[in-house]
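Chain order of the listed sequences is S and H. If you read the first sequence in numbering that gives the first Met the number 0, its first letter stands for residue 0, the second for the next number, and so on. If you read the second sequence in numbering that gives the first Met the number 0, its first letter stands for residue 0, the second for the next number, and so on.
Number of protein chains: 2
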Amino acid sequence: MSLLTNALEEIPDIVISRLPIYLRTLRLLDAQGAEVTSSQELGQLLGLSSAQIRKDLSHFGEFGKQGTGYNVAYLCNQLEKILKVDCVWPVILIGAGYLGHALASYNGFEHRGFRIVGVFDSDENKIGTTIGATVIQSIDAIAATIQRYRCQIAIIAVPATAAQQVADLLIATGIKSILCYAPITLTVPAHVRVEYIDPVIYFQHMTFYLTKGCIDE
Amino acid sequence: MSLLTNALEEIPDIVISRLPIYLRTLRLLDAQGAEVTSSQELGQLLGLSSAQIRKDLSHFGEFGKQGTGYNVAYLCNQLEKILKVDCVWPVILIGAGYLGHALASYNGFEHRGFRIVGVFDSDENKIGTTIGATVIQSIDAIAATIQRYRCQIAIIAVPATAAQQVADLLIATGIKSILCYAPITLTVPAHVRVEYIDPVIYFQHMTFYLTKGCIDE
DNA sequence: GACGCTTTGATAATTTTATCACTAATCAAA
DNA sequence: TTTGATTAGTGATAAAATTATCAAAGCGTC
């Protein structure tokens, strides 16, 4: 089977969503000096069944050797190709509050395939100031940056009240994927993909399973 | 059916994971002054089918009225009870880097059921300094804070290299749920729940669906 | 009050996802 | 070389999740 899959087969999104986890773990194993691994070992590390991992990978080709397992470096490479992160994607960041600063300062993006190429804010007082080497620009400058880098990915790190408006602007300017840190669900056209990060969603998921133990009660 | 469900029925985790999204949207509707809504309207806002929303809610009881829909305030209340966020949960935060600062400064936790009651770091230079009104404490002080607040939830916002060690410490001290911002999969006992936030995982998911357009290529 | 429109909640049907079970390949050691 | 222990890949099966369907109920209008 060809690497980027036979066009007849539609790969489930849930499979795609696991690949980055596999990749992250494989790169850790690689960094630890492991030459080979197995679906069983990976499954143990990730809390998944070995069958699931083999099945997931089988959508894209054959990467292992029976009796031996997978060559870590090779599988890393293949996954990077499948996910198209064997290169660096330009990303723009909207919002230069505390969160925007944390994201812009994070140095874990580049070696995993992403670089923040522009930071934007609407606050006049922030425009022109810097985060590390990056100058915060006016919202008006977004289009130019997107064009220059052919940027398809944006991070929204503005307050919830401004997020939809920012999203509309980004989409009008050609952004195809948005990572939204604002705690709202955006309304976007079908060709735009949005992923959300809202820590409270995770907390509220957790508390369902906890026995109640609140402050002042 | 009783509110917190008939013990015979095991509610799928995937259903639980959607409830916080429903709650978030309902509270938005409430803030906008909406008195009632419908599974159809909610579904439209969230990109889900109305049947799914009705089915999800049906695990917990009957909250709507045929022909009318759901009373927004009432359904909010019920979801808050189901998720046990009709109160404030104490949370501790480990790691006072940029991300830790962003989290500690965020004022969107409290009204959704959570309060950061302690911030900890291993860096001697940070200990004793403040984020807003919160004093950064030594890692050694974690146990006392957990005990004092009967804290069950922790946020890990330390580098990947330290995360497992911190997790082990937290678990030994009684933490039951961890929100992990470090880009690794933690190894934890079965009774501990971990949720992960790693933006790169989302980016790499997105790029699978994008046409390649990297920097310098 | 009857009628038309809407909506829920329940059940059935369908689709999707995960698991199982097995074959063939690989390797190390006897 | 043979044997035993592993392991990938895969078609079949089981489980889970989503979607479709529909009766009953509510509301507004005539």
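Where a beta carbon is used, it is the ideal one built from N, C-alpha and C, also for glycine.
Taking the C-alpha atoms as reference points, what is the distance between Ile13 of chain S and Asn124 of chain S?
-> Rounded to the nearest whole angstrom, the CA to CA distance from Ile13 of chain S to Asn124 of chain S is 43 Å.
Exposed unless 16 or more other CB atoms sit within 10 angstroms - verdict on Leu156 of chain H | Per the sequence shown, residue 156 of chain H should be read as Ala rather than Leu. By the Cβ neighbour-count rule, Ala156 of chain H is buried, with 16 or more other Cβ atoms within 10 Å of its own.
Could you name the residues of chain S that Gln151 of chain H contacts, counting a contact when the two beta carbons are closer than 9 Å?
-> Contact note: Gln151 of chain H reaches chain S through Met205, Thr206, Leu209, Thr210, Gly212, using a C-beta cutoff of 9 Å and chain order.
Report the residues of the region 102-114 of chain S with a CB closer than 9 Å to any CB of chain H, ordered along the chain.
-> If the cut-off is 9 Å between Cβ atoms, the region 102-114 of chain S has Leu102, Ala103, Ser104, Tyr105, Gly107, Phe108, Arg111, Gly112, Phe113, Arg114 near chain H.
Look up Asn218 of chain H in the DSSP assignment and give the residues it is bridged to.
-> What is shown of chain H runs 0 to 216, which leaves residue 218 of chain H out entirely.
Under the three-state DSSP convention, the category Val191 of chain S falls into | Taken through DSSP and simplified to helix, strand or coil, Val191 of chain S comes out as coil.
Using a threshold of 8 Å, state whether the C-beta atoms of Ile214 of chain S and Pro89 of chain H are closer than that.
-> In contact: Ile214 of chain S and Pro89 of chain H (Cβ atoms closer than 8 Å).
Per-residue DSSP class, three states only, for Ala142 of chain S = In the structure shown, Ala142 of chain S sits in a helix (DSSP, three-state: H, G or I).
Using 10 angstroms around the beta-carbon of His190 of chain H, count the other beta-carbons present and answer buried if the total reaches 16, otherwise exposed.
-> It is exposed - the Cβ of His190 of chain H has fewer than 16 other Cβ atoms within 10 Å.
Taking Cβ to Cβ, would you say His100 of chain S is nearer than 8 Å to Tyr97 of chain H?
-> Yes, Cβ-Cβ distance for His100 of chain S and Tyr97 of chain H is below 8 Å.
Any contact of the region 180-198 of chain S with the region 154-169 of chain S, i.e. 3+ C-beta pairs under 8 Å?
-> The region 180-198 of chain S, when compared against the region 154-169 of chain S, does touch it at the 8 Å Cβ threshold.
Tell me, please, whether the CB atom of Ser57 of chain H is closer than 8 Å to any CB atom in chain S?
-> Not an interface residue.
If we cut at 8 Å on Cβ distances, does Pro188 of chain S have a partner in chain H?
-> Cβ-Cβ to chain H under 8 Å: no for Pro188 of chain S.
Chain H residues whose Cβ lies nearer than 7 Å to that of Leu82 of chain S | For Leu82 of chain S, the residues of chain H that pass the 7 Å Cβ criterion are Gln203, Thr206, Phe207, in the order they occur in the chain.
Kindly indicate if chain H contains any beta-carbon less than 8 Å away from that of Glu9 of chain S.
-> With respect to chain H, the C-beta atom of Glu9 of chain S has no partner C-beta closer than 8 Å.
Grab me the residues of Gln39 of chain S's own chain with a C-beta within less than 6 Å of its C-beta, minus the 5 sequence neighbours each way, in chain order.
-> Answer for Gln39 of chain S: Ser49, listed in chain order.
Of all Cβ atoms in chain H, is any one closer than 8 Å to the Cβ of Ser16 of chain S?
-> Any Cβ of chain H closer than 8 Å to the Cβ of Ser16 of chain S would place that residue at the interface, and such an atom is present.
Closest Cα partner of Ile154 of chain S within the set S:Ser37, S:Lys64, S:Asp120 = Of the candidates S:Ser37, S:Lys64, S:Asp120, the residue whose Cα lies closest to the Cα of Ile154 of chain S is S:Asp120.
Anything in the region 131-144 of chain H with a Cβ closer than 7 Å to a Cβ of chain S? List those residues in chain order, please.
-> Cβ contacts with chain S: none found.
In the DSSP assignment, find the unbroken alpha helix (DSSP H) run with Val12 of chain S in it and report its ends.
-> It is worth fixing the name first, because residue 12 of chain S is Asp in this sequence and not Val. Segment 12-30, the alpha helix (DSSP H) holding Asp12 of chain S.
Could you give the residue range of the alpha helix (DSSP H) that holds Phe207 of chain S?
-> Unbroken alpha helix (DSSP H) run through Phe207 of chain S: 198-208.
Which residues of chain S have a Cβ atom closer than 9 Å to the Cβ of Thr24 of chain H, listed in chain order?
-> The contacting residues are Ile183, Thr184.
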